[in-house]
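Let me begin by presenting the structure, written as structure tokens, before commenting on it.
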Amino acid sequence: MGNQPLIVLSEDSQRTSGRDAQSMNITAGKAVAEAVRTTLGPKGMDKMLVDSMGSVVVTNDGVTILKEMDIEHPAANMIVEVAQTQEDEVGDGTTTAVVITGGLLQQAEDLLEQDIHATTLAQGYRQAASKSKEILENIAIDVSEDDEEILNQIAATAMTGKGAESAKDTLSSLVVDAVRAVADDDGIDTDNIKVEKVIGGSIDESELVEGVIISKTRVHDNMPYAVEDANVAVLDQALEIKETEIDAEVNVTDPAQLQQFLDQEEAQLKEMVDKLKAVGADVVFCQKGIDDMAQHYLAKEGILAARRVKKSDIKRLARATGARVVSNLDDIEEADLGFAGSVAERDVGGKDRIFVEDVKEAKSVTMILRGGTEHVVDEVERAIEDSLGVVRVTLEDGKVLPGGAAPETELALGLRDYADSVGGREQLAVEAFADAIDVIPRTLAENAGLDPIDSLVNLRSKHDAGEQTTGLDAYTGDIIDMEAEGVVEPLRVKTQAIESATEAAVMILRIDDVIAAGDLSGGQVTDDDDDMDMPPGGGGMGGMGGMGGMGGAM
Ligand code: ADP
Ligand code: MG
């Protein structure tokens, strides 16, 4: 046995250890951050992403870019998760979170080279992150839930730099109204806000409908187009005769028997409609199908019905009208019906939709977003999603921070002070953390075409003098009071970004061994177009698949 090597791993597997593993992961992580960096802030640029099917997305939204990029490297994927967490928790700040992670990794690389152990680094980063939370909470501004002005500002800040910006006054008040409308004792669930995209018209003509709009038409032409003071039945059962489960064979020996069979089916369908009629339903929304014969009877009774309504819409309809979703027609009662002052089929942007409005307490609302083209409306929708998120979070927490890198500057200063009290090697890590946070003001300045060093120095000197709310106006390049300017963001956008960025950076740093079952570098560099700065005109959009290989470029 003596000299024979012991083979533990299969031939295909690849192993990278120690410093090599660390630097490979750091490089991959940094590359992801680098990819979204140019989109940060009001003057950030957009990215055009083309998938393998050729469909195009033009966006400024961090998490969307990363999801569309189809990243393969495992460490790079951890950064994508940071963006995803940010999106789920807050809805905004995805680019910020990713850029900070990149900054943390960048700083860590320098310290690792100076032989600071990764564990020490991780420890220092963790300490710095919890101190950051404290500093941010200290400078946060309290907002009451009926401070309309600040809520509008919060909504508008989340839209700056995105496709929605041109109409941000109109849109931000729609967003605030929508979030307020769906708030109830259980909290705020923005899933109750439906966004209905309409191509045609301008963004300014977007509107909020207190109620639900469904992209369906009446199921039968003889049904009324509109019903007023409607009693609404919401079903998740089909108005059809169930097919028998087993393959039954019915032998029909004479025509009369067949007729009898059909008559019986018809009678059953009629009975279903009669039941709906008996409880007083004027409108029926059905998640499943409605048989032709049932449609006929419904129309005859003057009932407006729609079939194959999406499950999410069924839920919203029930919530808006106060109906109970009925799964079995046999036990439907009058009390199960909901109410809407108006149910009507109308044409919006060349497509018929059913509007359910004038509900007593619209706990479910629909926002009609208009825009010139599909790409425009899609990007407006993403901005609206961010905006809905920040308004929800503000109503939940009641705490905001000024924007324009004001909190980041304050944070970097505070952390450097704190570092002195930490001592030891961790002190270096805390200082590195502060340097990493500076990536935000620097990037904001760079993207606005300003000199990052000048901006950073100016910001620091104002904050040193105690001006906590001073930030960088990305439009003019001036250093101004951001709170007075109305550029505000929820506290949670920043605390969450720092928390997830730290977690991801620490996780990546602590890895000293990568054992891959397959070839890691295989799917990475697919062609020579692995440069992260997508060249204008993109020397081969087909190279997008190669985005997964950005690690290889560095
Ligand atoms: P994220 O995905 O992180 O939200 P954004 O592209 O939305 O990225 O940029 C957010 C950053 O832009 C925040 O730091 C915010 O403070 C800043 N910002 C927003 N509006 C302004 C403004 N008018 N002037 C300066 N900075 C702004
Ligand atoms: Mg944003």
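Letter 375 of the sequence shown, counting from 1, is numbered 543 in my numbering, and no numbers are missing.
Using N, Cα and C, we set each Cβ at its ideal position, and we do this for glycine too.
ask   = Counting by C-beta, which residues lie closer than 7 angstroms to a heavy atom of the ligand MG, in chain order?
value = With the cut-off at 7 angstroms, the residues found are 260, 261, 263, 326, 554.
task = Would you grab the beta carbon distance between residue 381 and residue 534 for me? Rounded to a whole angstrom, and I think it's under 8 angstroms.
result = Within the sequence shown, the letter at position 213 stands for residue 381. Within the sequence shown, the letter at position 366 stands for residue 534. Between residue 534 and residue 381 the Cβ distance is about 4 angstroms, and since that is below 8 angstroms, they are a contact.
task = Pull up the distance between the alpha-carbon of residue 330 and that of residue 547, whole angstroms please.
result = Walking along the sequence shown from the start, residue 330 turns up at place 162. Walking along the sequence shown from the start, residue 547 turns up at place 379. The straight-line gap from Cα to Cα measures roughly 7 angstroms.
Residue 254 versus residue 558 - alpha carbon distance = As a first step, residue 254 must be located in the sequence shown, where it is residue number 86. As a first step, residue 558 must be located in the sequence shown, where it is residue number 390. The straight-line gap from Cα to Cα measures roughly 11 angstroms.
query = In or out: residue 317 buried (at least 16 other Cβ within 10 Å) or exposed?
reply = Translated into positions along the sequence shown, residue 317 becomes position 149. With fewer than 16 Cβ atoms within 10 Å of its Cβ, residue 317 is classed as exposed.
task = Can you give me the start and stop residues for the beta strand (DSSP E) that residue 609 sits inside?
result = In the sequence shown, counting from the first residue as 1, residue 609 sits at position 441. First-last for residue 609: 607 to 615, but that is the alpha helix (DSSP H), not the beta strand (DSSP E).
ask   = If you follow the beta strand (DSSP E) that residue 536 is part of, which residue opens it and which one closes it?
value = On the sequence shown, residue 536 is found 368 positions in, with the first residue counted as 1. From DSSP, the beta strand (DSSP E) with residue 536 extends over 533 to 539.
ask   = Nearest CA to the CA of residue 375: which residue from 346, 600, 439?
value = For the purposes of this step, residue 375 is taken as residue 207 along the sequence shown, with counting starting at 1. For residue 375, the nearest C-alpha among the options comes from 346.
message = Does the distance between the C-beta of residue 658 and the nearest non-hydrogen atom of the ligand ADP fall short of 7 angstroms?
response = Translated into positions along the sequence shown, residue 658 becomes position 490. No, the Cβ of residue 658 stays beyond 7 angstroms of every heavy atom of the ligand ADP.
ask   = Looking at C-alpha atoms only, which residue of 456, 209, 348 is the closest neighbour of residue 315?
value = Counting from one through the sequence shown, the residue named residue 315 turns up at place 147. That would be 348, whose Cα lies nearest to the Cα of residue 315.
task = Output yes if chain E places a C-beta closer than 8 angstroms to the C-beta of residue 461; else output no.
result = The chain inventory of the structure shown lacks chain E, comprising one protein chain alone.
request  = Put residue 216 into one of helix, strand or coil per three-state DSSP.
outcome  = Counting from one through the sequence shown, the residue named residue 216 turns up at place 48. Reduced to three states, the DSSP call for residue 216 is strand.
query = Just the Cα atoms here: how many angstroms apart are residue 250 and residue 519?
reply = As a first step, residue 250 is located in the sequence shown; it is residue number 82 there, counting from the start. As a first step, residue 519 is located in the sequence shown; it is residue number 351 there, counting from the start. Rounded to whole angstroms, residue 250 to residue 519 spans 39 angstroms at the Cα level.
Extent of the continuous alpha helix (DSSP H) to which residue 290 belongs = Here residue 290 is taken as the residue at index 122 of the sequence shown, counted from 1. First-last of the alpha helix (DSSP H) with residue 290: 286 to 307.
request  = Can you check the segment 637 to 666 for any alpha helix (DSSP H) of at least 4 residues that lies completely inside it and give the ranges in chain order?
outcome  = 650 to 653
Secondary structure of residue 173, DSSP reduced to three states = As a first step, residue 173 must be located in the sequence shown, where it is residue number 5. Of the three classes helix, strand and coil, the one that applies to residue 173 here is coil, per DSSP.
ask   = In chain order, what residues of the same chain lie with their CB nearer than 8 angstroms to the CB of residue 659, ignoring the 5 residues before and after it?
value = Residue mapping note: residue 659 aligns to position 491 of the sequence shown, counting from 1. Excluding residues within five positions, the ones whose Cβ falls inside 8 angstroms are 304, 305, 308, 565, 567, 568, 569.
request  = Specify, as a first and last residue, the run of the alpha helix (DSSP H) that residue 345 falls within.
outcome  = The residue you call residue 345 lines up with position 177 of the sequence shown. Looking at the DSSP string, the run of the alpha helix (DSSP H) that includes residue 345 is 336 to 350.
Helix, strand or coil at residue 506 [DSSP, three-state] = The residue given as residue 506 occupies position 338 in the sequence shown. DSSP places residue 506 in strand when its eight states are reduced to three.
inquiry  = Beta-carbon within less than 7 angstroms of residue 542's beta-carbon, same chain only, minus the 5 sequence neighbours each way: which residues are those?
reply    = Numbered from its first residue, the sequence shown carries residue 542 at position 374. Closer than 7 angstroms at Cβ, skipping near neighbours: 367.
Among 328, 636, 602, 647, the one whose alpha carbon lies nearest that of residue 274 = For the purposes of this step, residue 274 is taken as the residue at position 106 of the sequence shown. It is 602.
ask   = Between the segment 439 to 454 and the segment 462 to 482, do at least 3 Cβ pairs fall closer than 8 angstroms?
value = Here the segment 439 to 454 lies against the segment 462 to 482, with 3 or more beta-carbon pairs under 8 angstroms apart.
message = Distance check for residue 596 and residue 723, CA to CA, integer angstroms please.
response = Outside the shown range of the chain, which is 169 to 722, sits residue 723, and nothing can be said about it.
ask   = Mapping DSSP to helix, strand and coil, what is residue 194?
value = Residue 194 sits at position 26 when you count from the first residue of the sequence shown. Correct three-state label for residue 194: helix.
query = Roughly how many whole angstroms lie between the Cα atoms of residue 496 and residue 450?
reply = Position 328 of the sequence shown holds residue 496. Position 282 of the sequence shown holds residue 450. If I take the Cα positions, the gap works out to 18 angstroms.
request  = Pull up the distance between the alpha-carbon of residue 552 and that of residue 343, whole angstroms please.
outcome  = Within the sequence shown, numbered from 1, the residue matching residue 552 stands at position 384. Within the sequence shown, numbered from 1, the residue matching residue 343 stands at position 175. C-alpha separation (whole angstroms): 7 angstroms.
query = Just curious, the alpha helix (DSSP H) that residue 622 is in, first and last residue?
reply = For the purposes of this step, residue 622 is identified with residue 454 of the sequence shown, where counting begins at 1. From DSSP, the alpha helix (DSSP H) with residue 622 extends over 620 to 632.
query = Are there three or more Cβ pairs, one per stretch, closer than 8 angstroms when the segment 199 to 210 is compared with the segment 612 to 631?
reply = Per the Cβ contact rule, the segment 199 to 210 is in contact with the segment 612 to 631 (3 or more Cβ pairs under 8 angstroms).
query = Would you report the Cα separation of residue 447 and residue 431, rounded to the nearest angstrom?
reply = On the sequence shown, position 279 is the one that residue 447 refers to. On the sequence shown, position 263 is the one that residue 431 refers to. Their Cα atoms are separated by approximately 24 angstroms.
Residue 676 vs residue 320 beta-carbon contact at 8 angstroms = Stepping through the sequence shown from its first residue, residue 676 is reached at position 508. Stepping through the sequence shown from its first residue, residue 320 is reached at position 152. No. Outside cutoff.
inquiry  = Suppose the cutoff is 6 angstroms on Cβ atoms and the five residues either side in sequence are ignored; what does the same chain contact list for residue 243 look like?
reply    = Start at 1 with the first residue of the sequence shown, and residue 243 comes out as number 75. Its chain contains 193, 196, 197, 676 as the residues whose beta carbon lies nearer than 6 angstroms to that of residue 243, once the 5 sequence neighbours on both sides are disregarded; these appear in chain order.
task = Let me know if residue 355 comes out buried or exposed under the rule of 16 or more other beta-carbons within 10 Å of its beta-carbon.
result = Counting from one through the sequence shown, the residue named residue 355 turns up at place 187. Counting Cβ neighbours within 10 Å, residue 355 comes out exposed, since fewer than 16 surround it.
Nearest-angstrom beta carbon gap, residue 578 and residue 631 [assumed within contact, 8 angstroms] = Taking the sequence shown and counting its residues from 1, one reaches residue 631 at position 463. Taking the sequence shown and counting its residues from 1, one reaches residue 578 at position 410. Correct: roughly 6 angstroms between the Cβ atoms.
ask   = Can you round the beta-carbon distance between residue 379 and residue 477 to whole angstroms, since I take them to be within the 8 angstroms contact cut?
value = Position 211 of the sequence shown, counting from 1, holds the residue named residue 379. Position 309 of the sequence shown, counting from 1, holds the residue named residue 477. Their Cβ separation, rounded to whole angstroms, is 14 angstroms, which puts residue 379 and residue 477 out of contact at 8 angstroms.
query = How is residue 684 classed by DSSP in three states: helix, strand or coil?
reply = Locating residue 684 in the sequence shown gives position 516, counting from the first residue. Here residue 684 sits in strand by DSSP.
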